[in-house]
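Residue numbers (the UniProt record's numbering): 1 to 1065.
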């Protein structure tokens, strides 16, 4: 009875399981000798008060979520806790991922300073790295770098702990990492406890300021086995001020708030959030008169030293003082009073609202002239005042990374974005290139200098006071921040103000997360952001200005109040915030390209991406679209599927073979793509997964290499492919209205590809950084992005060389200018682009529908917008050429759709491509099909169709399926007339049928029908198959063939001996 009792069985099993001694990892603490001043500032952070709780949670749990308000010290302190408490035993490393590369370098320098070591901490992001492989114990990296390492080492054997920071941003790489690492954590635990591996259990720490509890704590990805540790803060860092009424023009309202803050409130810098560059420079233009005011009414305060003493001696108002309520009911009275106040009148001129409206409509500051001149002046006057300390999570020192996702007008381009440059994507990040020795020496010198500046900044900020002018004294120093700026321009935002000025930073949402600007006391939040909305199915992108989420609003308010309590002025009412704002911004994975993601899962052996456990599963349609693109590229297999309604054997003989579809008895590849469920990676797919670029552009590299290019041709091809991955819409900045600087016109060329070549050639031919910058400004080229284009091209060259090894004999000197390509090189590059973008074909409407109006001549249709019957148009520089069809990188627009990254092509070129999207539709009777004895195949001339648009490409030769009835008939014809086996040609004159009879409908009962039926029954349509069958049965088809000969006209015995020897012919 006991043996059959399931309860007793379970109890016995649990008893045996409990007797198993589990292996436990021993962590030995490490002593750290910190500098006194640094440690004194560090221990004030709220995170340090929770060190033991955090360490215990990580020690006893494999997955831990750490939350805490912005500025509590999560990013800088938790890695140090783990190192100090022995988690880096046996040379294991604590890996910390960041969303943006600027955070990697900043945190690296901050933690290096606090640990008082140059070797224990390292960093790595795309195109750059700095760490000692033997001594590094804490490594900061972008999430794309860790994904690249996982491709080569799925078990993450170098790491004992992996920290995913800024997880609340929920970018594509972050979600993918969490999904993969959740499996790795369980696998390493099981193998370690079973004794199968000595690799210790992996600890996964997820850190966030505004976490989605339902996505992390209750996610099925972890099975509910997650510990949560929260870092409390003892005080409220900032005060939120909602607007009493909604504003119609938030730029004018922001101007008014900046004016009041500078006129009334104590020292402290101001951070203003707007949506785009046009708004940033519009507000900067309005503030420009205040930048020139330097004097005060008291001449004694002209001395900055005396001004500093005055500011320090003034009484600091309480945080609940009515003075901080800028939208009080007595505003109008105060304005009247202030107009009579001579002190304020001589300091700040009051501009009437009517004049502001007119001024804002008619004037927009020049992006490249006024702004750059001002920022260059700032840079020259404050070269040695760069603060690199951020008290809380992040330290900022360099801005040479992506602060926002790059605008990718193509649906192929990620984040991983950019990709974003970190998505695009995702756009993604990949393995960095080893720097040259001279670059390493320069970087080492820069690091030592910057570390010294960082120490000085620590001491300057440790006095917990607000810097700069206040209460109407001094001038305004207006700085603009956006993603496309160069590093030098961005660094101006991190300078502490002098005592004779107040800093006002006008920024897009790049300053929202992952970085902390110093001395920010006041935040003005418009509540708006410019968001790119992607329609993955239609391949369409458009930009809209929309409300931010509540989480983003909290992030923005958290930028204020690092030194003391700050104030956030929201330009919207509390009711709008409560009712109209979503709790969180949409996750990137729900609205981005997944091609690189699916390919990565395929390399890990996950063939069904629909079943992979994402934190937030992406739409099934997006997964299917990504799998379709990968199948078209040849990165995953396209399975063969037989048609459901097949002809019977009898009907295959009696039906006209030219009426049977060319793909019979299988479905066309285009039909199979619609039902693709399994992603089995191909050899090409393995190659593409290693390249640090989207699979589409990776295949372009593969196609170019297959054509044995010269070094100069490969150099040009890599630059063009890299430009395509970023997109022309990002590389050439659009000219804003009322831009006072006159740009030089770009040359009139045939396509964006030729424009890419022209830009790269001209840029690399110019020597000198200043001259190159002037060249980019004169043509409106994004210099920062162009530098990354050239870096990515060099990275592709190095990665390809390492993959091919000795077979890669192309030597490119990247210090030499790019040579202008010859015609052969251009044709080779364009052919590769067309082949890899065959799913992005746009055809003139008149070629599809026969319309002859002027509108139809300029309009194009793509497969993605065919159902909506909307037209797309070429960019203006190329519209005059009016090519019949083009390949394009993406669609952008709302009412009027524009094609981007355009390259003209034609139907004959498309007809030669081998793609599931191009198939033979109708088999032509003339020229007649023929047997190719060299290849042992049957070829026919077919009408080819571009399936997505049902666009006829013309007649071209195609290989028939071996199981097609026409292939059997052609083989039978050649067999009977001695073309397969020449010994049978002596009987040609005795045949009672002619060659045309084999291609016509035949009665199954006739001798020819019997012969064809036998061949169809055994699927014989090639010499190879016939010989294989004949060797087993020398009499195979002998009687059927003899029945076609005239009787009593040949020696039967001689015929039989000859036929038996066919397989030896």
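Beta carbons: idealized from backbone N, C-alpha and C, even for Gly. Please read these numbers as outputs of a predicted model, since none were measured by experiment.
Secondary structure of residue i, DSSP reduced to three states
i: residue 602; result: helix
i: residue 534; result: strand
i: residue 1007; result: helix
i: residue 92; result: coil
i: residue 381; result: Reliability fails at residue 381, whose pLDDT of 36 lies under 50, so the model's placement of it is uncertain and the value that follows must be treated cautiously. Three-state DSSP puts residue 381 in a helix.
i: residue 46; result: helix
i: residue 485; result: coil
i: residue 651; result: helix
i: residue 952; result: strand
i: residue 526; result: coil
i: residue 192; result: helix
i: residue 932; result: strand
i: residue 1047; result: coil
i: residue 957; result: strand
i: residue 390; result: With a pLDDT of only 30 at residue 390, under 50, the local geometry of the prediction cannot be trusted, and no value is derived from it.
i: residue 860; result: strand
i: residue 579; result: helix
i: residue 418; result: With a pLDDT of only 30 at residue 418, under the threshold of 50, the placement of this residue in the model should not be trusted, and no figure is reported.
i: residue 591; result: helix
i: residue 322; result: helix
i: residue 54; result: helix
i: residue 397; result: Confidence at residue 397 is low in this model, with a pLDDT of 34, below 50, so the placement of that residue is unreliable and no value is reported for it.
Contact check, residue i vs residue j, beta carbons under 8 Å
i: residue 1066; j: residue 73; result: For residue 1066 there is no data in the structure shown, the boundaries of the chain being 1 and 1065.
i: residue 502; j: residue 527; result: no
i: residue 255; j: residue 287; result: yes
i: residue 1011; j: residue 1040; result: yes
i: residue 1021; j: residue 982; result: no
i: residue 931; j: residue 971; result: yes
i: residue 567; j: residue 238; result: yes
i: residue 671; j: residue 629; result: no
i: residue 550; j: residue 581; result: yes
i: residue 480; j: residue 273; result: no
i: residue 279; j: residue 478; result: no
Residue i - containing beta strand (DSSP E), residue span
i: residue 892; result: 890-892
i: residue 942; result: 937-946
i: residue 918; result: 918-923
i: residue 262; result: That residue, residue 262, is in no beta strand (DSSP E); its alpha helix (DSSP H) goes 250-264.
i: residue 35; result: No beta strand (DSSP E) holds residue 35; DSSP gives it neither H nor E.
i: residue 141; result: 138-142
i: residue 123; result: 121-125
Terminal residues of the alpha helix (DSSP H) in which residue i lies
i: residue 968; result: 965-976
i: residue 771; result: 769-779
i: residue 747; result: Unbroken run through residue 747: none, as it is neither H nor E.
i: residue 238; result: Counting along the chain, residue 238 falls outside any alpha helix (DSSP H), though it belongs to the beta strand (DSSP E) covering 238-242.
i: residue 725; result: 711-726
Supposed contact pair residue j and residue i - C-beta distance, whole angstroms, cut 8 Å
i: residue 1084; j: residue 793; result: Limits of the chain in this structure are 1 at one end and 1065 at the other, which puts residue 1084 out of reach.
i: residue 1067; j: residue 694; result: Because the chain spans 1 through 1065 in this model, residue 1067 falls outside it and cannot be assessed.
i: residue 929; j: residue 654; result: Between residue 654 and residue 929 the Cβ distance is about 19 Å, and since that is not below 8 Å, they are no contact.
Residue i beta carbon near the ligand FAD (any heavy atom closer than 7 Å)
i: residue 243; result: Inclusion of the ligand FAD in the displayed structure is not the case, the ligand content being empty and no account of it being possible.
(message) Count Cβ pairs between the stretch 586-605 and the stretch 190-209 that sit closer than 8 Å; are there 3 or more?
(response) no
(message) Three or more C-beta pairs under 8 Å: does that hold for the stretch 674-686 against the stretch 1027-1038?
(response) no
(request) Would you be able to state if there are at least three C-beta pairs under 8 Å between the stretch 776-788 and the stretch 896-910? (result) no
(message) Pairs of beta-carbons, one from the stretch 626-643 and one from the stretch 661-672, closer than 8 Å: are there three or more?
(response) yes
(message) Does the contact criterion of 3 or more C-beta pairs under 8 Å hold for the stretch 691-703 versus the stretch 829-841?
(response) yes
(request) Please determine if the stretch 864-882 and the stretch 909-928 are in contact, where contact requires at least 3 C-beta pairs separated by less than 8 Å. (result) no
(request) May I ask you to verify whether the stretch 102-121 touches the stretch 51-62, counting CB pairs closer than 8 Å and requiring at least 3? (result) no
(request) Indicate whether the contact test is met: 3 or more Cβ pairs, each with one atom in the stretch 1040-1058 and one in the stretch 981-993, closer than 8 Å. (result) yes
(message) For the pair the stretch 616-626 and the stretch 199-206, tell me if three or more CB-CB distances fall below 8 Å.
(response) no
(request) Decide yes or no for the touch test of the stretch 922-930 against the stretch 876-883: beta carbon pairs closer than 8 Å, at least 3 of them. (result) no
(message) Check whether the stretch 151-165 and the stretch 86-106 are in contact - that is, three or more C-beta pairs closer than 8 Å.
(response) yes
(request) Please confirm if the stretch 886-899 is in contact with the stretch 707-716, defined as three or more CB-CB distances below 8 Å between the two stretches. (result) no
(request) Answer yes if the stretch 135-144 comes into contact with the stretch 165-176, meaning at least three C-beta pairs across the two stretches below 8 Å, and no otherwise. (result) yes
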